[in-house]
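Numbering (our numbering), first residue to last: 104 to 362. All C-beta atoms, glycine included, are put in the ideal place defined by N, C-alpha and C. The model shown is predicted, which means the values in this text are computed figures rather than measured ones. The next block holds one structure in the form of structure tokens; read it before the comments.
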């Protein structure tokens with residue numbers, strides 16, 4: 104029987120509205136996970152609509168991200184995610200609570216070492232000054248539907264989530280997150296995560312935070328050490344492709360607690 108593996112991505116997307124992608128498995132009824140993760144990002148280069156690399160004043164982002172999973176039933180899980188953000192560029196700064204994302208994930212196939220789930224997510228604007236620059240997020244209501252598939256073995260797993268996200272004003276994204284996890288020794292886990300966003304329409308807005316035409320591929324290197332029900336997680340990202348977004352990388356450190 105498969106057991107739920109704590110490989111939640113915890114919102115590590117490249118300066119987007121931080122939608123959280125999780126694994127295909129759902130939590131058992133009454134069981135859950137809470138995580139708190141600090142992210143830092145900075146960049147002084149930007150790829151425009153033609154993929155020209157442009158020098159810009161250095162952009163900084165500090166974020167404290169909160170994520171929660173809770174098993175309503177063995178095959179139905181609730182998720183919640185938001186973050187406190189502080190952004191700075193060219194002497195301008197913004198501070199506030201990023202968008203709230205509430206999700207329901209339903210497991211529809213579960214056999215041997217494979218699982219399939221579907222997930223719906225509702226997005227609500229957070230609490231921040233919409234006129235402050237740099238912008239924290241789009242500041243719009245949205246929704247996402249996605250399909251999750253996972254293959255789990257004793258020492259490794261592969262998990263993929265493909266989704267379609269829509270915001271107000273006809274802003275749409277195609278998304279895909281691929282995770283490959285390796286467990287070489289007890290209590291230690293390495294996760295290679297590939298995060299892909301593709302803006303389907305809208306005008307480029309020339310900003311580092313989420314914009315309607317952003318297209319990028321990031322790779323995250325995630326290292327997890329488990330101490331009972333608590334895990335320490337750290338890592339960094341690498342920019343593989345960017346269009347209408349920055350070219351910098353993340354570093355992050357977090358704590359996960361299962362209950």
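Verify the CB distance criterion: does residue i have a CB-CB separation below 9 Å to chain D?
i           : result
residue 179 : Of the chains in the structure shown, none is chain D; there is only one protein chain.
For residue i and residue j, what's the separation of their Cα atoms in angstroms?
i           : j           : result
residue 118 : residue 325 : Residue confidence is low: residue 118 scores 35 on pLDDT, short of 50, so the model does not pin down where it sits. No coordinate-derived value is stated.
residue 440 : residue 138 : Shown here, the chain extends from 104 to 362; a query on residue 440 therefore has no answer.
residue 274 : residue 331 : 43 Å
residue 315 : residue 218 : 32 Å
residue 342 : residue 164 : 16 Å
residue 116 : residue 176 : Low confidence applies here, because residue 116 scores a pLDDT of 38, under 50, leaving its location unreliable and the question unanswered by this model.
residue 227 : residue 247 : 12 Å
residue 287 : residue 359 : 20 Å
residue 131 : residue 174 : 5 Å
residue 319 : residue 188 : 21 Å
residue 178 : residue 222 : 12 Å
residue 154 : residue 148 : 11 Å
residue 328 : residue 335 : 5 Å
residue 349 : residue 301 : 14 Å
residue 278 : residue 193 : 31 Å
residue 210 : residue 157 : 44 Å
residue 351 : residue 205 : 28 Å
residue 224 : residue 161 : 33 Å
residue 181 : residue 249 : 14 Å
residue 236 : residue 190 : 8 Å
residue 166 : residue 146 : 15 Å
residue 293 : residue 272 : 39 Å
residue 276 : residue 216 : 31 Å
residue 234 : residue 126 : 35 Å
residue 133 : residue 333 : 17 Å
residue 303 : residue 291 : 38 Å
residue 159 : residue 264 : 33 Å
residue 238 : residue 186 : 14 Å
I need the DSSP call for residue i, collapsed to helix, strand or coil.
i           : result
residue 314 : coil
residue 129 : coil
residue 154 : coil
residue 262 : strand
residue 303 : coil
residue 169 : strand
residue 92  : Any answer about residue 92 is impossible in this case: the structure gives the chain only from 104 up to 362.
residue 354 : strand
residue 372 : Given that the chain is displayed from residue 104 to residue 362, the structure contains no residue 372 and the question cannot be resolved.
residue 238 : coil
residue 206 : strand
residue 119 : Its pLDDT being 37, under 50, residue 119 is placed unreliably in this model, and the value from its coordinates should be taken loosely. Correct three-state label for residue 119: coil.
residue 231 : coil
residue 273 : coil
Would you please state the rounded distance, in angstroms, between the beta carbons of residue i and residue j? I believe it to be under 8 Å.
i           : j           : result
residue 280 : residue 298 : 5 Å
residue 229 : residue 202 : 5 Å
residue 255 : residue 296 : So it is not a contact: roughly 16 Å between Cβ atoms.
residue 128 : residue 253 : 6 Å
residue 199 : residue 172 : About 24 Å; that fails the 8 Å criterion.
residue 362 : residue 338 : Not really, about 23 Å apart at Cβ, beyond 8 Å.
residue 196 : residue 232 : Not really, about 11 Å apart at Cβ, beyond 8 Å.
One question on the structure: do residue i and residue j come within less than 9 Å of each other, judged by their Cβ atoms?
i           : j           : result
residue 184 : residue 207 : no
residue 270 : residue 244 : yes
residue 357 : residue 144 : no
residue 220 : residue 241 : no
residue 282 : residue 260 : yes
residue 289 : residue 317 : no
residue 353 : residue 340 : yes
Any idea which residues DSSP pairs residue i with across the strands?
i           : result
residue 323 : 296 and 340
residue 146 : 162
residue 254 : 217 and 261
residue 247 : 224 and 268
residue 346 : 318
residue 134 : DSSP output for residue 134 lists no bridge partner at all.
residue 174 : 180
residue 361 : 136
residue 280 : 264 and 298
Should residue i be listed as close to the ligand HEM, given that the test is whether its C-beta is under 8 Å from any heavy atom?
i           : result
residue 208 : Judged by which ligands are present, the structure shown has none, so any question about the ligand HEM falls away.
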